[in-house]
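Participant: My structure is below; once you've seen it, I'll send some questions.
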């Protein structure tokens, strides 16, 4: 992949399964590696609402860790994370 070419990065339910530091490191790498890039993110939001609590409960019962869930409070939290990287 030529990092000088326009690039679309799709992140679909990735960051929530990563430790916050690892997710931020990934975003920092992407923003520094690609010269002309856009990122389309489809990530969890609102872990405290009824759907979010049920989802977390279901994942935890299956032993699935979601270490990045704290950073998914709402769309503003995601926006701030992307802007800081």
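In our numbering, the protein residues as written are 1071 to 1155.
Ideal Cβ placement from N, Cα and C applies to all residues, glycine included.
(1) Does residue 1139 pass the burial test, meaning 16 or more other C-beta atoms within 10 Å, or should it be called exposed?
(2) Check the C-beta distance from residue 1110 over to residue 1078 and give it rounded, since I have them as a contact under 8 Å.
(3) Which residues in the same chain as residue 1141 place their Cβ atom closer than 7 Å to its Cβ, once the five residues preceding and following it in sequence are excluded?
(4) Between the beta-carbon of residue 1107 and the beta-carbon of residue 1100, is there less than 8 Å?
(5) Go through the region 1101-1146 residue by residue and report every complete run of the alpha helix (DSSP H) that reaches 4 residues or more, in order.
(6) Please report the residue range of the beta strand (DSSP E) in which residue 1084 lies.
(7) Report the CB separation of residue 1155 from residue 1112 in whole angstroms; it is logged as a contact under 8 Å.
Facilitator: Quick answer:
(1) buried
(2) 6 Å
(3) 1090, 1147, 1151
(4) yes
(5) 1120-1131
(6) That residue, residue 1084, is in no beta strand (DSSP E); it is neither H nor E in DSSP.
(7) In fact, because the Cβ distance is near 18 Å, the residues do not count as touching under 8 Å.
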